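Asker: Shown below is the structure under consideration.
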Amino acid sequence: MPNTSPVKFLGYTVNSPLGIAAGLLPNAKWISAYAERGWDLLTYKTVRSVARECYPIPNWVFVQADAGDGPVYATDVLPDDPAEISSAVCFGMPSLEPDFWREDIARAKAALGAGQMLIVSVVATPQPGWSVAQLADDYAQCAAWAAAAGADVVEANYSCPNVCSAEGQIYMDVPLSETVTQTVASALGGLPLLLKVGVLPETDRQRDFLRAVAGLAAGITLVNGIAREVRHADGRPVFGEQYLKAGVLGRVIHEPCVAAVREARAVIDAEQLPLALAAVGGVSSAQDYQGFINAGADAVLCGSSPMYLPDLASEIKQSL
299 MPNTSPVKFL GYTVNSPLGI AAGLLPNAKW ISAYAERGWD LLTYKTVRSV
349 ARECYPIPNW VFVQADAGDG PVYATDVLPD DPAEISSAVC FGMPSLEPDF
399 WREDIARAKA ALGAGQMLIV SVVATPQPGW SVAQLADDYA QCAAWAAAAG
449 ADVVEANYSC PNVCSAEGQI YMDVPLSETV TQTVASALGG LPLLLKVGVL
499 PETDRQRDFL RAVAGLAAGI TLVNGIAREV RHADGRPVFG EQYLKAGVLG
549 RVIHEPCVAA VREARAVIDA EQLPLALAAV GGVSSAQDYQ GFINAGADAV
599 LCGSSPMYLP DLASEIKQSL
């Protein structure tokens, strides 16, 4: 593995600002395997305060897509170059029960080497009739458990393109985001908190969101996929009518995600907000990585590409 100059991220000294986003690493075995392949910021897939089944198959398909915002279409024909793959997912943020993941996070932490960081992604599981305080407390409970189990950083997932319940769109509600973030931060006792969000459609709302959470959260992770309609060639919804729109990942979303990071960085700098940026979206080469860094990212997290490109971390580190 190429040697890299250590950098600071969220108060820690890490080997590199390169890692894997929430999604690909569901347990300590996966964390360990990818840590050994040179990924330094490892995100444990989103966990809940209760067990939650995955949405039924099909829940991950390869897609053909253009760069617009129209439908994408499921395909069995893959590009010759794995770096060009795009896909769509509809998992619903499944989770094993806390008794499992709390112990497993400790195993994941023990598997990391010097200069590597364990990020644990958490989400609330709202029940019918819950108040805002109950939603916030559920996030905070998961965050506190993750911290106690050994997380270096907790990431609160405020955005999931394929979840129909309230936890999937929290970032769109600025006052709610501020309330939840305040509660979660209070439960962490100073441990760094990241907030994972999607694309904010209006500049004013983006500025208001970033202002509201600055000083509570240490940073923002964006973008959590881009929601588009996912259809078969004949027009049928791939994931059913309830989940017509789902999260699109991979090559096709890279440029929109770079633009989103650039816009967020402009607001953070203009407002002098104490927020780091962890960029996600379609990174499958050293050039893609550098595109995010040039746009203002402090760290770059890959989503699906490490599955298809097992030597990607080495390739990117050779360019640093």
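Just so we're aligned: 502 in the numbering used here is position 204 of the sequence shown, and the numbers increase by one with no gaps anywhere. All C-beta atoms, glycine included, are put in the ideal place defined by N, C-alpha and C. Because the structure is a prediction, the values reported are computed rather than measured.
(1) Since Q588 sits in a beta bridge, which residues does DSSP pair it with?
(2) Tell me which residues share the same chain as V556 and place their Cβ nearer than 8 Å to its Cβ, disregarding the 5 neighbours each side in the sequence.
(3) Use the C-beta contact count for D338: other C-beta atoms within 10 angstroms, 16 or more gives buried, fewer gives exposed.
(4) For A422 and A406, what's the separation of their Cα atoms in angstroms?
(5) State the DSSP-derived secondary structure class of T477, mapped to helix, strand or coil.
(6) Which partner residues of R350 appear in the DSSP bridge assignment?
(7) By the DSSP assignment, the beta strand (DSSP E) with Y342 in it spans what residues?
(8) Out of curiosity, what's the CA-to-CA distance linking N325 and M299?
(9) Bridge partners of E401, per DSSP?
(10) Should C600 be labelled buried (16 or more other beta-carbon atoms within 10 Å of its own) or exposed?
(11) Give me, in chain order, the residues of the same chain whose beta-carbon lies closer than 8 Å to that of L340; leave out the 5 immediate sequence neighbours on both sides.
(12) Confirm, please, whether the CB-CB distance from A365 to E280 is below 8 Å.
(13) Could you tell me which of D450, S617, T479, L607 sits nearest to V495, measuring between CA atoms?
(14) Helix, strand or coil: how does DSSP classify W358 here?
(15) Just tell me which of V420, Y469, T311, P304 has its CA closest to the CA of W443.
(16) Could you have a look at F307 and say whether DSSP puts it in helix, strand or coil?
(17) State the Cα-Cα distance for the pair S303 and N313, rounded to the nearest angstrom.
(18) Identify whether S419 lies in helix, strand or coil by the three-state DSSP scheme.
(19) Using the beta-carbon count (16 or more within 10 Å), is S617 buried or exposed?
(20) Exposed or buried, which one is A441 when buried takes at least 16 other CB atoms within 10 Å?
(21) How close, in whole Å, do the beta carbons of Y353 and G321 come, if the pair is a contact with beta carbons under 8 Å?
(22) For W307, count neighbouring Cβ atoms within 10 angstroms of its own Cβ and tell me buried if that reaches 16, exposed if not.
(23) Starting from the Cα of I551, find the closest Cα among S385, V482, Y342, R534 and give me that residue.
Answerer: From the atom records:
(1) Q588 is not bridged to any residue.
(2) Exclusion of the five residues before and after V556 leaves A577, G579, G589, F590, A593 as the residues of its chain whose Cβ lies within less than 8 Å of its Cβ.
(3) buried
(4) 22 Å
(5) helix
(6) Paired residue(s): S393.
(7) 339-345
(8) 23 Å
(9) E401 pairs with nothing; no bridge assigned.
(10) buried
(11) G317, I318, L323, I329, Y332, A333, A406, L410, Q414, M415, L416, I417
(12) Past the edges of the chain, shown from 299 to 618, lies residue 280, and the structure says nothing about it.
(13) T479
(14) If DSSP states are grouped into helix, strand and coil, W358 belongs with the strands.
(15) V420
(16) strand
(17) The straight-line gap from Cα to Cα measures roughly 7 Å.
(18) strand
(19) Flag for S617 reads exposed.
(20) buried
(21) That belief does not hold up - the Cβ atoms of Y353 and G321 are roughly 14 Å apart, past 8 Å.
(22) According to the sequence displayed, residue 307 carries Phe and not Trp. Buried, by the Cβ-count rule.
(23) It is S385 whose Cα lies nearest to the Cα of I551.
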